[in-house]
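Below: one structure, written as structure tokens.
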């Protein structure tokens with residue numbers, strides 16, 4: 016099965032904030048670029064079988080369960096949307112620091 020890949024604007028906002036913080040506040044643009052490369056690689060690797068990993072259950076009931084990808088000190092959250100039996104989408108929704116309170120954010 017081939018999955019389409021889609022990103023929510025919120026994911027891009029999260030990612031940009033983290034990248035700018037690392038590059039400017041921590042004055043480490045190389046680390047920011049390395050993180051971006053690692054995020055892209057992790058998402059593309061997961062795209063081949065995004066449902067093969069354990070679901071992430073939260074206290075709130077959701078129509079689409081979340082899955083997680085860990086990249087360094089960060090977590091990528093995504094869901095699987097099924098438009099039809101042959102057409103599934105891996106929708107990447109959030110990019111959070113692993114110590115952020117995800118319950119409060121979601």
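Residue numbers (my numbering): 16 to 121.
Even glycine gets a Cβ: it sits at the ideal position worked out from N, Cα and C.
Taking only beta-carbon positions, decide if residue i is within less than 7 Å of chain C.
i	result
residue 29	Any reference to chain C falls outside this structure, which holds one protein chain only.
Does DSSP put residue i in a helix, a strand or coil?
i	result
residue 23	coil
residue 39	helix
residue 33	helix
residue 60	helix
residue 76	coil
residue 28	helix
residue 97	strand
Since residue i and residue j should fall inside the 8 Å C-beta cutoff, what is the C-beta to C-beta distance between them, to a whole number of angstroms?
i	j	result
residue 106	residue 21	5 Å
residue 94	residue 80	7 Å
Can residue i and residue j be called in contact, C-beta distance under 7 Å?
i	j	result
residue 92	residue 108	yes
residue 61	residue 84	yes
residue 113	residue 88	yes
Mind checking which residues open and close the beta strand (DSSP E) that includes residue i?
i	result
residue 106	103-112
residue 83	81-86
Practice problem: Take every Cβ of the segment 24-31, pair it with every Cβ of the segment 55-66, and state whether three or more of those distances are shorter than 8 Å. | Solution: Touching, no.
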